[in-house]
Every structure is written in C-alpha cells, then in structure tokens.
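Read the structure below first, then the notes.
In my numbering, the protein residues as written are 8 to 209.
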C-alpha cells in the first residue's frame, strides 16, 4: 500500500467540501469501530483497481482524476490533480473530454446504513475510505436478506448488478458484487463532484 503512504499532492489551506444530504451517508469518527472487522493479511489485499477522470471541473476539463482501490469490504477513492505536463499532453493530443456520467442511483436509507465513509476530507483533494458493513451485521427487514436485494419469481435479484441468486448463495455474492461496490462508490464520488462544481462556480 505504498500509494497510501505517499498520498497525492494536496491543496493546502482550502476549506473542506462537505456533502450534506437529507439522509446523509454515515461517517465514522475516530472513536468508532466496525465490529468483527477482518484485519488479516488477506483482507488488506487489493482485489481490483480502476480509475476515471474527475468531473468536478475545479482544475479544468481533464485536470484531475480518481483512482479506486478495492479491498475486502473496503473501497479507497483517491482524488489526484494531474501534473501540468499531463494536462498539456491531453489537450495537444486531442483527447476527448470525460463522457457524461450515468445517472447515479438514489440510495435508500437502509442501503446508506450498509457502509460508512471516513471523515478524512480535509481539503479539496480528498481520499475517501468507504467501509462496507453489511457483512458484519444482521440483515435488515427487506425480506430478511438486506436492502441490496429484491425477490422475484423465487430468486433474489441483486440491486447492484441485476443477477439472480438463491438464498444460500446471496451473502457471498453481496459481499463481493462489483455492481454494489460501484453504486456505493458513485454515491460518494458523485456527491463530492457536484459539491465541488457548485463551490467552484460560486
């Protein structure tokens, strides 16, 4: 995890951009812990990673990007401001501007309670640690299987990716579903980008 020991360049002295929704996503304080958190070496392995250009517009079109690291029950989203030479190269190469985003899914209150976001946003170039908690707690009341599934024709349909499972296979799928991960991630990142755009234009 050298990436986390050497975080990206920050913009010092700028106020934090905070997202306050009518039903905000829960955030951990320094005194809180997730019960039964797996701290084994396997749990800290990166299972996949990805990146995309950031659409906040604070640094111009294509001036910043997101790096995403996926670990067991955790997603780390790192916002990076690109070096000026990378931006110049992108402009001179005629690289396309970021495509329009897909409409973010609106999370239910029950879905928001299945993860926490650490309060680590201290400036306008943040790193988020998103910790999923549904693997460590009892299912909620939605059919006894939790808020990320709906029952249809005797199958449990995942609300993250749309695939069907029986009840015995559902917990394992839920804990590792990339569709659920992406919905959770977008709910956090999209909210920050929107706040950043509004703040930059004010």
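C-beta atoms are modelled at their ideal positions from N, C-alpha and C, and glycine is treated no differently.
Here the structure is a predicted model, which is why all the values come from computation and not from measurement.
By DSSP's assignment, residue 156 forms a beta bridge with 165. Separation of residue 171 and residue 90 (C-alpha to C-alpha, rounded to the nearest whole angstrom) is 44 angstroms. Beta-bridge pairing by DSSP links residue 134 to 85. Using a C-beta cut-off of 8 angstroms, the region 52-66 makes contact with the region 201-209, since at least three inter-stretch Cβ pairs fall below that distance. Distance between residue 54 and residue 85, taken at the CA atoms: about 16 angstroms. In the DSSP assignment, residue 55 falls within the unbroken beta strand (DSSP E) covering 55-60. For the pair residue 185 and residue 132, the Cα-to-Cα distance works out to about 25 angstroms.
In this model, residue 192 and residue 137 are separated by some 8 angstroms (Cα to Cα). Less than 9 angstroms separates the beta-carbon of residue 118 from that of residue 154.
For residue 74, the enclosing beta strand (DSSP E) begins and ends at 71-78. Residue burial is scored here from C-beta neighbours: residue 134 has at least 16 other C-beta atoms within 10 angstroms and is therefore classed as buried. Separation of the CB atoms of residue 173 and residue 162 is rounded to 7 angstroms, and the pair is thereby assigned contact status at 8 angstroms.
Of the other Cβ atoms in all chains shown, 16 or more fall within 10 Å of the Cβ of residue 188; this residue is therefore buried.
A direct Cα-Cα distance of roughly 16 angstroms separates residue 69 from residue 197. Residue state for residue 171 is assigned as strand, using DSSP reduced to three classes.
Scanning its chain for C-beta atoms nearer than 6 angstroms, with the 5 sequence neighbours on each side dropped, one finds no residue around residue 113.
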